[in-house]
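Read in order, the letters of the sequence shown correspond to residues 0 to 356 in numbering that gives the first Met the number 0. See structure below.
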Amino acid sequence: MRSAARLKMGYYPLPESEGKKLRAFLFCANQASVIDPCVGQGTALQLVTSDASVRRYGIELDAERARIASSKGIETIQGNTFDTIVKPESFSLLYLNPPYDSEIGTIGNRRMEAVFLEHTYRWLRLEGVLILVIPFERLHDCTGILSSHFTSLNVFRMTDPDSVQYRQIAVFGVRREVRGSAIENNKRQLHSVCLYGSFLELADLQPGACAPYSVPPSEDATLNYLGLPYDLLEDLLPQSGAWKQVVPLLMPREDVGTGRPITPLHGGHVGLLCTAGLLNGVFGDGENRHIARWRSVKHVTTFVEEDGDAQIIHHRERWTNELRLVYADGRTLKLTETPAKKEDEGDGECTPAARAA
Numbered sequence: 000m001r002s003a004a005r006l007k008m009g010y011y012p013l014p015e016s017e018g019k020k021l022r023a024f025l026f027c028a029n030q031a032s033v034i035d036p037c038v039g040q041g042t043a044l045q046l047v048t049s050d051a052s053v054r055r056y057g058i059e060l061d062a063e064r065a066r067i068a069s070s071k072g073i074e075t076i077q078g079n080t081f082d083t084i085v086k087p088e089s090f091s092l093l094y095l096n097p098p099y100d101s102e103i104g105t106i107g108n109r110r111m112e113a114v115f116l117e118h119t120y121r122w123l124r125l126e127g128v129l130i131l132v133i134p135f136e137r138l139h140d141c142t143g144i145l146s147s148h149f150t151s152l153n154v155f156r157m158t159d160p161d162s163v164q165y166r167q168i169a170v171f172g173v174r175r176e177v178r179g180s181a182i183e184n185n186k187r188q189l190h191s192v193c194l195y196g197s198f199l200e201l202a203d204l205q206p207g208a209c210a211p212y213s214v215p216p217s218e219d220a221t222l223n224y225l226g227l228p229y230d231l232l233e234d235l236l237p238q239s240g241a242w243k244q245v246v247p248l249l250m251p252r253e254d255v256g257t258g259r260p261i262t263p264l265h266g267g268h269v270g271l272l273c274t275a276g277l278l279n280g281v282f283g284d285g286e287n288r289h290i291a292r293w294r295s296v297k298h299v300t301t302f303v304e305e306d307g308d309a310q311i312i313h314h315r316e317r318w319t320n321e322l323r324l325v326y327a328d329g330r331t332l333k334l335t336e337t338p339a340k341k342e343d344e345g346d347g348e349c350t351p352a353a354r355a356a
């Protein structure tokens, strides 16, 4: 997963249009308990079970998203799904849209789609309905569990632009104890999709694509969280004695250079200070108050050397310093090693008034 995706913990919410389509595949006639182990803000679970007489449960790692889900009437546990204990066969519907990532460990490093499915499918009662939203390429990783524990399998292609970007598919199934040749039949069906088929050949996720799945009744469920309260620990950590001992090593104090040097600096000193960022900051007063930002720029000079009929091309690299200034009235300047402009040419360009600082 990219760094930006890790920062939001792999949170990619289901498009609202897809949630409404998923709802059309479900028939909910009885009171039932449903769960989303990666509930996020709870929007997807509400769309999938809208207008149904169900008790909604969810698990979310992010504290703020868990708070939002709870405010929508979903009984939400803020923590790790794998630290949550649930009695097997407690739910009638399992909606699972796990993070699209891999484990991080010394060995194995299985895909999270398969890991989440393996951990949570036992929470689903027999005859319960599974909705699995994953990328098309990850269906192969989930084939073993789907073939051995589910029947009435159907795979559809999601068509919302955001879903197409991640090549998302929706897998429907009914939990049953599958044995013998039925397992092989399920594997052949899934392999014909994920190994020998293509994403574009799948049937679109549209109402009426298959018979609705009937969600069976179930009693109230209980979720117990055995993990550590990470947010509470984070708040208490700065007050601990251990943290005060290690903070000088983990977070060294930033060196700040102030005052005037004892002797004038020559060009080399100034260059080192500039590239180190010690001459960046806010300077001046009134109209001349400005922000200064230095950076190093690489220049490449190309010249050709002729050796008889052959030409030898040389590239020479050198580094120079560039200074950019932004004034309080919106003027900007870029100072480089190039010769100064003529008097009738302005050195700076003024930004539009609407964008002036």
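The C-beta atom is built at its ideal place from N, Cα and C for all residues, glycine as well.
Item	Value
Look up Gln40 in the DSSP assignment and say whether it is helix, strand or coil.	coil
Beta strand (DSSP E) containing Trp293: first to last residue?	His289 to Asp306
What did DSSP end up calling Gln164 once you bin it into helix, strand or coil?	helix
Comparing alpha-carbon positions, which option in Tyr94, Ser89, Phe115 and Leu93 lies nearest Ser101?	Phe115
Can you say whether Ala23 is buried or exposed, counting buried as having 16 or more other CB atoms within 10 angstroms of its CB?	exposed
Once DSSP output is grouped into helix, strand and coil, what is the label at Tyr99?	coil
Whole angstroms are fine: how far does the CA of Trp293 sit from the CA of Gly276?	7 Å
CA-CA distance, Glu59 and Ser70?	13 Å
Specify whether the region 179-196 and the region 30-42 touch according to this definition: at least 3 beta carbon pairs, one from each stretch, less than 8 Å apart.	no
Should Met157 and Gln164 be called a contact, given that it needs their Cβ atoms to be closer than 7 Å?	no
For Val303, which of Ser295, Glu136, Arg315 and Arg66 has the nearest alpha-carbon?	Arg315
Name the residue from Asp159, Gly240 and Glu183 whose alpha carbon lies nearest to the alpha carbon of Gly143.	Glu183
On the criterion of 16 or more Cβ atoms from any shown chain inside 10 Å, does Pro160 qualify as buried, or is it exposed?	exposed
What three-state label does DSSP hand Asn79 in the structure shown?	coil
Where does Ala327 fall in DSSP's three states?	coil
Do you know offhand how far Ser180's Cα is from Ser151's?	15 Å
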